[in-house]
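Just below is one structure, and these are the notes that go with it.
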Amino acid sequence: MSGVEGRVVVVTGAGGGLGRDYALLLAENGAKVVVNDLGGARDGSGAGSEMADAVVAEIRSAGGDAVANYDSVATPEGGEAIVATALAAFGAIHGVVNNAGILRDTSFAKMTQAEWDLVLQVHLHGGYNVTKAAWPHFREQEFGRVVMAASTSGLFGNFGQANYGAAKNGLVGLVNTLALEGARSNILANAIAPMAATRMTEDIAPQEMLDKLPPGFVSPVVGHLMSEELADSGQVFVVGGGMVYRVALFQNTGVAFEKPPTMEQVADSWAAITDMDGAVLGRNPVG
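Heads up: the sequence shown begins at 4 in my numbering, then just goes up one per residue.
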């Protein structure tokens, strides 16, 4: 088996935008796809089956194999039901693309508790819920591929997206540990920060920028991250507009104190503490 041929892949939030593009490309390359979508609005309100059904029909009309699922990723029960759909339809699950998401953008000063909670529930909890349900199957068969949809808003920050950025970088932290824990079972986990013109970005980026960001630039990278040939894990890739590049944490030499320093000693050493000349790829000092 090579590529994604014959693999069963769940794509959440696949009723439109990037998720739809991922589902279509995976199916075109021989994967059996569970097209999950709650069918709600961009802010997470509402629900319906039309969006997922339309993508399944599109895949089937092109000769591919797909089934729809309408459960919410935001609950453990929803995550389990999504994976159960894959098992019932195709008898297995080999990969999960955690793409489902909502936006509740507002400045941190004006953000409500509900706006914070809802975004973390869908993005961070959603990525956990679906992957958690798939994980035992990945371990048993000693094969699994996980992609988390991160964001440059989490990696670098973006005004009005404290909730979204926190949730997205939480997924990066999850990927880091899944990569370590999954290694012995051939479970590879990575994150992408996609840049594409979709309904999620249609009014938060200039049109001239969106014109350069079709989803088609992103989906082949997701396809590779689901593939048999993939060897990398625990990585983060920014993808869009024809560019694909890896983002990673770096650390400098730092300053070593022989005994607990005073605040003044920290201040005196601050230039050396913050100087990134000669920095190297970061690592967990206790790992």
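Yeah, the Cβ is synthetic: ideal placement off N, Cα and C, and Gly gets one too.
Review point. Rounded to a whole number of angstroms, what is the C-alpha to C-alpha distance between Arg187 and Pro223?
Key: 26 Å
Practice item. Just the C-alpha distance for Glu184 and Gly147, rounded to the nearest angstrom, thanks. Key: 12 Å
Check your understanding: When the Cβ atoms of the stretch 72-89 are set against those of the stretch 120-130, are three or more pairs found closer than 8 Å?
Key -> yes
Practice item. To the nearest angstrom, report how far apart Gly67 and Gly33 are at their CA atoms. Key: 7 Å
Check your understanding: Are Glu145 and Asn189 closer than 7 Å when you measure CB to CB?
Key -> yes
Review point. By a C-beta neighbour count over all protein chains shown, 10 Å radius and 16 as the cutoff for buried, is Val239 buried or exposed?
Key: buried
Check your understanding: On the premise that Val13 lies in contact with Trp60, defined as a C-beta separation below 8 Å, what is that separation, rounded to the nearest angstrom?
Key -> The sequence given here has Ala at residue 60, not Trp. At roughly 18 Å, the Cβ-Cβ gap does not stay under 8 Å, so Ala60 and Val13 are not in contact.
Exercise for review: Alpha carbon to alpha carbon, how far is Glu83 from Ala282? Give it in angstroms, no decimals.
Suggested key: 43 Å
Review point. To the nearest angstrom, how far is it from the Cα of Thr134 to the Cα of Ile96?
Key: 11 Å
Review point. Ala292 lies in the beta strand (DSSP E); which residues open and close that run?
Key: The structure shown does not extend to residue 292, since the chain is modelled only from 4 through 290, so no value can be given for it.
Review point. Would Val38 pass as a contact of Val58 if the rule is Cβ separation under 7 Å?
Key: yes
Point to revise | Beta-carbon gap between Val70 and Ala137 smaller than 7 Å | key: no
Review point. Out of curiosity, what's the CA-to-CA distance linking Val11 and Glu261?
Key: 55 Å
Check your understanding: At which residue ranges does the stretch 116-177 contain complete beta strand (DSSP E) runs of 3 or more residues, listed in the order of the chain?
Key -> 147-152
Review point. Can you list, in chain order, the stretches of the alpha helix (DSSP H) that have 4 or more residues and sit fully within the stretch 259-287?
Key: 266-271, 273-277
Point to revise | Between the CA atoms of Val269 and Ile276 - distance to the nearest angstrom | key: 9 Å
Practice item. Assign Met229 to one of three DSSP states: helix, strand, or coil. Key: coil
Review point. What is the DSSP secondary structure of Gly19, counted as helix, strand or coil?
Key: coil
Practice item. Per DSSP, which residues does Thr109 bridge with? Please list them. Key: Gln164
Check your understanding: By Cβ distance, which residues of its chain are closer than 7 Å to Met54, with the 5 residues on each side in sequence left out?
Key -> Gly18, Gly19, Asp40, Gly42
Check your understanding: When DSSP builds the beta bridges, which residues end up paired with Ala69?
Key -> Val36
Exercise for review: Please state whether DSSP places Val239 in a helix, a strand or coil.
Suggested key: strand
Practice item. Counting only the same chain and skipping the five closest in sequence on each side, list residues whose C-beta sits under 7 Å from that of Ala165. Key: Phe111, Met114
Practice item. Pick out whichever of Asp108, Ile105, Phe141 has its Cα sitting closest to the Cα of Gly94. Key: Phe141
Point to revise | Inter-residue spacing [alpha-carbon to alpha-carbon] between Leu121 and Pro139 | key: 27 Å
Review point. Beta carbon of Val99, beta carbon of Val149: below 7 Å?
Key: yes
**Study point:** Beta-carbon proximity check, Asn132 vs Thr15, cutoff 7 Å
**Key:** no
Review point. Between Gly285 and Leu233, is the Cβ-Cβ spacing less than 7 Å?
Key: no
Exercise for review: Report the three-state DSSP secondary structure of Met114 (helix, strand or coil).
Suggested key: coil
**Study point:** Between the CA atoms of Asp108 and Ala196 - distance to the nearest angstrom
**Key:** 18 Å
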